[in-house]
């Protein structure tokens, strides 16, 4: 065995000497044979001829010898690769086109796969993510007070969490985490001491004391949170994220144990979370600080932490081994109903059916809270399908290119076959070429995928730099890219290779370049037809998404965005108490009116087309509880004018609606439609929270349905109350009413003011240097942000559509050029016999266009059929309209004409004499 | 020329081993020798001789070295290895049993 190996190795390593020895051995044999013949009286020439005849093909014998030396496979593989590289170098145009085609197709797929891997498949960076279970499967946020209509609970109150924790020994640990931290105003954080430290906005998440213990995490430095931190009255501590520590504090260990001011409250940082831990969910802005959930009462003046009816927590735990999940789910659901029954949402007999529906569903928690995943799964799936289609087109194109190439090389192949090269060997060489090509393409694709992932991330999360998703392709992705490219190479190398191997040497040698290869050109035409129809599908898709985006952006949002500026502020973080708001708002109104060009100064909780939405359950006085929600917004007198909301009935909010007057409200038309019967006059009606309590707010007017959260949520019921008015029944001390804090200032100006941002910042700083502009945007920018997702999808669809169009054009061009080259003598004869150039061009065009038309005839119904798969992602578009289809058709036909016309002109330029002489 | 018989499958290796058992030989001489020893009945297809030699060399049944032939030409000489000698005995034995059996069957008919 060992000697055998050594023998093979020698043959491999000393290939040249072994090869020359073989040459010498055979030559010496032939010489001796010739001499023998001469000795027996033959003439020298005759002797040589006889010897050659006896010996057979010299190359064949050598090949057999190499084969029997057993080094052949590795050896010839090297040879094949070298040969393939040489061949590819000889045709740089072909090589470049193929590698670029492959790189784009595979790169796009690898990029999408990188995102899918990072967003949908990856587990949280915690210990043993498989045993983590989340209680709840729905996306509910952020602080809800009402009953859940579907009965499927995913958001829980502090009380419910504690009951769960106490009564389910099936969990090793059960942790709770704030649901809506990403949607609330950030913490205003400043390191105390050292001087000159400015406050800056940081993301904080409030979590239960056993949060880190549940995830099985060890601190990077200092300590993590423990149960005794999460007790009312304990001094407030926080854990800083590793990324925040590195980024803003340079990894300074003195941070640990030092005091920070968070929303003006003193907080001690006790430790640094482990590197790479980005919290319990994938989000564009991961927490910079983790604080004990009970301390939200101190740091954010949030009262819901103590309200058994306020649901604001997600709950996730680690189950003990051997626990039956279904039994646990049933047990938790029963416990939930028991807890809810004592709450105020289920106090009347009417609520019985809702209570009976209440349940929880357990889901895998290892991937974290799946909020981003819910938002992106359908989009990523769509992208995967689309990029898969593009990859298919790429493969078709490569197959066609290889086919054309192999066929045009059939003379060479035939000669080699005639010289004794085995069919298997020829196929292997052609295959090697495909694989080398695929390998080159795959390598280039890695670069493309890195760039494309970057582009995708920027498109998907504009302006976000903290998304915990790496653009670097992982090992899996690298393997994936190489596998796809190799399979492509082998699969589409085989077909052309098989076709090429069918040539009978004699036929090919006899008929020169004129031989027709019917089977091959049929395959080619088939590939073109397929490519055309796939491209049409992608182009129609791109058109649909563009139309959808257009519809979204051109929705009548019932607002005015011209010369409107939005300033987000956080008076609470600046240390204001609710009782100081009245004076602050008056100052803000006065100061901004002093700025030249400012027409209206609106102050409100939220503004139109903002991600925020504050829903409350509503009941009209004297009517049954409809179990329906309406969003509230607190606004000042100039607010409706500032955003361009028109009053359609009664009056809007006016300066006379002072805090001391009874509470009034303006409602929108959707509110009227939801809570009143058609034709009823809502003016004068009273409404409030459901239940037996007083209905404090009196409706004084109806306004248009200005769109708030997003276009898909237009016609959402809303009510607007004067920013400082309080319900008569609300007996809390004023400083406990956090709702009085405004979140935004809206400015309407007479003309565009370029440096409005710095003016606004200066004006606010003059009011109070601690009062910073959290975010400044024009209303138009704010609206554009809400379409970022749609724009990303639409842009990507267009990108893929154009790529497909380009590839199809390239394919058609390649095949038509080849056809022209193949038929050059035929065309020469036609022209010699009197064909006009125009006729020749028409003939070539006819052939090419026929394939395209066939492709379109398949593509149109296919595209119409495929619309159903994306319908849910489109806005108010249910079918491909004529416009979209005509545009896609036009793009394809124009591209096809160009692709066919260039070779057709070349055909018409053939000189008949030369073409005939070449025969 | 007398009539030639093409070699039955598998006998080429045996003939080569037997021929080089007489002493180191180069390729051409081996084919000549077989022809001569079989009184010109057996003729080795020259195209298959060399692949067979290389195969036997790989299997370690024969060893090769370069030497100088009678007419002072450089030539590759093959000789039997220890394993080859054993293999020759085994194959000779098998062959004799086979031919005897075949002859017996033919004789009985």
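Protein chains in written order, with my numbering: chain A, 1 to 919; chain B, 1001 to 1109.
All C-beta atoms in this analysis are idealised placements derived from N, C-alpha and C, irrespective of residue type, glycine included.
Where do the N-terminal and C-terminal ends of the alpha helix (DSSP H) with residue i fall, by residue?
i	result
residue 1110 of chain B	One cannot answer for residue 1110 of chain B here, as it falls past the ends of chain B, which runs 1001 to 1109.
residue 773 of chain A	Neither: residue 773 of chain A is in no alpha helix (DSSP H) and is coded neither H nor E.
residue 1011 of chain B	1011 to 1020
residue 171 of chain A	First-last for residue 171 of chain A: 171 to 178, but that is the beta strand (DSSP E), not the alpha helix (DSSP H).
residue 593 of chain A	581 to 594
residue 795 of chain A	788 to 822
residue 923 of chain A	The displayed coordinates of chain A run from 1 to 919. Any statement about residue 923 of chain A would go beyond what the structure contains.
residue 841 of chain A	837 to 870
residue 1027 of chain B	1027 to 1037
residue 643 of chain A	639 to 643
residue 158 of chain A	158 to 167
Can you check which of these residues, the options, is closest to residue i by C-alpha distance?
i	options	result
residue 790 of chain A	A:711, A:811, A:733	A:711
residue 544 of chain A	A:798, A:666, A:849	A:798
residue 908 of chain A	A:842, A:860, A:899	A:842
residue 178 of chain A	A:192, A:831, A:844, A:290	A:290
residue 771 of chain A	A:762, A:779, A:777, A:778	A:762
residue 156 of chain A	A:229, A:867, A:333	A:333
residue 670 of chain A	A:659, A:803, A:660, A:682	A:682
residue 824 of chain A	A:659, A:911, A:788	A:911
residue 450 of chain A	A:108, A:548, A:804	A:108
residue 831 of chain A	A:808, A:914, A:852, A:807	A:914
residue 367 of chain A	A:56, A:716, A:526, A:126	A:126
residue 78 of chain A	A:432, A:665, A:607, A:778	A:432
residue 610 of chain A	A:694, A:535, A:778, A:382	A:778
residue 337 of chain A	A:151, A:365, A:175, A:173	A:151
residue 558 of chain A	A:580, A:706, A:684, A:288	A:706
residue 425 of chain A	A:480, A:205, A:84, A:30	A:84
residue 685 of chain A	A:708, A:443, A:656, A:650	A:650
residue 214 of chain A	A:171, A:715, A:250	A:171
residue 359 of chain A	A:458, A:605, A:386, A:326	A:326
residue 371 of chain A	A:314, A:427, A:594, A:20	A:314
residue 243 of chain A	A:262, A:560, A:278, A:903	A:278
residue 859 of chain A	A:534, A:624, A:208	A:534
Where does the unbroken beta strand (DSSP E) through residue i begin, and where does it stop?
i	result
residue 290 of chain A	289 to 292
residue 903 of chain A	Counting along the chain, residue 903 of chain A falls outside any beta strand (DSSP E), though it belongs to the alpha helix (DSSP H) covering 882 to 908.
residue 602 of chain A	598 to 604
residue 48 of chain A	First-last for residue 48 of chain A: 44 to 55, but that is the alpha helix (DSSP H), not the beta strand (DSSP E).
residue 318 of chain A	313 to 319
residue 700 of chain A	697 to 703
Looking at the ligand ZN, does it come within less than 7 Å of residue i, judged from the CB to the closest heavy atom?
i	result
residue 654 of chain A	With respect to the ligand ZN, the structure offers nothing, as it holds no ligand at all.
Using the DSSP secondary-structure output, state which residues sit across from residue i in a beta bridge.
i	result
residue 1062 of chain B	B:1080
residue 633 of chain A	A:720
residue 272 of chain A	A:221, A:240
residue 565 of chain A	A:747, A:778
residue 265 of chain A	A:262
residue 615 of chain A	A:631
residue 187 of chain A	A:202
residue 144 of chain A	A:311
residue 649 of chain A	A:702
residue 1052 of chain B	Partner(s): none; residue 1052 of chain B has no beta bridge.
residue 765 of chain A	In the DSSP output, where bridge partners are listed per residue, residue 765 of chain A has none listed.
What whole-angstrom Cβ distance do residue i and residue j have, given they're in contact under 8 Å?
i	j	result
residue 603 of chain A	residue 742 of chain A	5 Å
residue 814 of chain A	residue 401 of chain A	6 Å
residue 292 of chain A	residue 192 of chain A	With a Cβ gap of about 19 Å, residue 292 of chain A and residue 192 of chain A do not count as contacting.
residue 1061 of chain B	residue 1029 of chain B	About 18 Å separates the two Cβ atoms, so there is no contact after all.
residue 539 of chain A	residue 805 of chain A	6 Å
residue 552 of chain A	residue 184 of chain A	The pair is not a contact, with the Cβ atoms about 27 Å apart (cut-off 8 Å).
residue 578 of chain A	residue 737 of chain A	5 Å
residue 900 of chain A	residue 848 of chain A	3 Å
Residue ranges of each beta strand (DSSP E) within the segment 341 to 399 of chain A, 3 or longer: 362 to 364
Complete runs of the alpha helix (DSSP H) confined to the segment 665 to 692 of chain A [at least 4 residues]: 669 to 675
Start-end ranges of the alpha helix (DSSP H) lying completely within the segment 77 to 135 of chain A, minimum 4 residues: 92 to 116
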